[in-house]
Amino acid sequence: MTVQLTHFSAAFVFALFASIVFGITHRETTRDMIRYGLYCFGMFLGGVLVAGWAMWLIRR
Amino acid sequence: MANSTQLKTKPATETTQRAAMMAIVAPALGWLIPGAGHMIQKRWIRGALLLVSIGTLFVLGLMMQGHIYRANGGDILDILGFIGDLGAGGMYIVTLALNGGQGAIAFAIADYGTKFMIVAGLLNFIAIADAYHIAIGKKQ
């Protein structure tokens, strides 16, 4: 069985699961874990979008 | 007097021994099964989330026909890939035993899959360190 993900969906899945692990392992309280996980998720996906647009601009 | 001192120190010694044992068992179990190092210390939800997150990344990597690295002494990137994959512990061993992850990285998705499996292993290393910190009382 094979899975075909687009670049964005692969980045989304990666960001989601990596953020969960980062949140759990890098913070002490549940509230801080959730906040840090959301922050990491935003930074991962934001980084993808910024890098994508930067490459689009460089190509022009 | 001596008896009362013995009674006081015995439970403390047992607790210390148990903590020392847990500091070895939790990381080892966490390496073998992601999240198990947390679960054995009764952090059920954290353990389950780690298992699902790391497990899903690794399995998705395999399903994307990612390549799994074996022990090698060649290219530095291959060695680093092996170290990353090794972090997945039991999943890595089972995959090798079933002869999985043999795909050649011929297209982008397979490359993503390869990276997914390496990152799953590296994330498990972080989870192992976290389980150890809980065991020694550095973290709740």
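In order, the protein sequences belong to chains A and B. Position 56 of the first sequence, counting from 1, maps to 56 under this note's numbering, and the rest follow consecutively. Position 48 of the second sequence, counting from 1, maps to 1048 under this note's numbering, and the rest follow consecutively. Note that beta-carbon positions come from the ideal geometry of N, C-alpha and C, so glycine has one too.
Sufficient close CB pairs (3 or more, under 8 Å) joining the segment 1110–1119 of chain B to the segment 1073–1086 of chain B: yes
Write down the C-beta distance between C44 (chain A) and S9 (chain A) rounded to the nearest angstrom, noting that I regard them as a contact closer than 8 Å. Along the first sequence, read from residue 1 onward, the residue named residue 44 (chain A) stands at position 44. Along the first sequence, read from residue 1 onward, the residue named residue 9 (chain A) stands at position 9. The amino acid occupying residue 44 (chain A) in the given sequence is Phe; Cys does not appear at that position. At roughly 13 Å, the Cβ-Cβ gap does not stay under 8 Å, so F44 (chain A) and S9 (chain A) are not in contact.
Span of the alpha helix (DSSP H) holding M33 (chain A)? Taking the first sequence and counting its residues from 1, the one referred to as residue 33 (chain A) is at position 33. Note, M33 (chain A): alpha helix (DSSP H), 30–59.
Would you tell me roughly how many angstroms separate the C-alpha atoms of P1027 (chain B) and Y1132 (chain B), rounded to the nearest one? Here residue 1027 (chain B) corresponds to residue number 27 of the second sequence, with the count starting at 1. Here residue 1132 (chain B) corresponds to residue number 132 of the second sequence, with the count starting at 1. Computed Cα separation, rounded: 6 Å.
Quickly, what does DSSP pair Q1041 (chain B) with across the bridge? List them, please. Looking up residue 1041 (chain B) in the second sequence gives position 41. Q1041 (chain B) pairs with nothing; no bridge assigned.
Within this structure, are the beta carbons of M1136 (chain B) and A1019 (chain B) separated by less than 8 Å? Taking the second sequence and counting its residues from 1, one reaches residue 1136 (chain B) at position 136. Taking the second sequence and counting its residues from 1, one reaches residue 1019 (chain B) at position 19. One detail in the question is off: residue 1136 (chain B) reads as Ile in this sequence, not Met. Cβ atoms of I1136 (chain B) and A1019 (chain B): closer than 8 Å.
Are T29 (chain A) and D1130 (chain B) close, meaning C-beta to C-beta below 8 Å? In the first sequence, counting from the first residue as 1, residue 29 (chain A) sits at position 29. In the second sequence, counting from the first residue as 1, residue 1130 (chain B) sits at position 130. No, these two residues do not count as a Cβ contact at 8 Å.
Under 7 Å, CB to CB, which of the residues in the segment 1039–1058 of chain B have a partner in chain A? R1046, L1049, L1050, S1053, I1054, T1056, L1057
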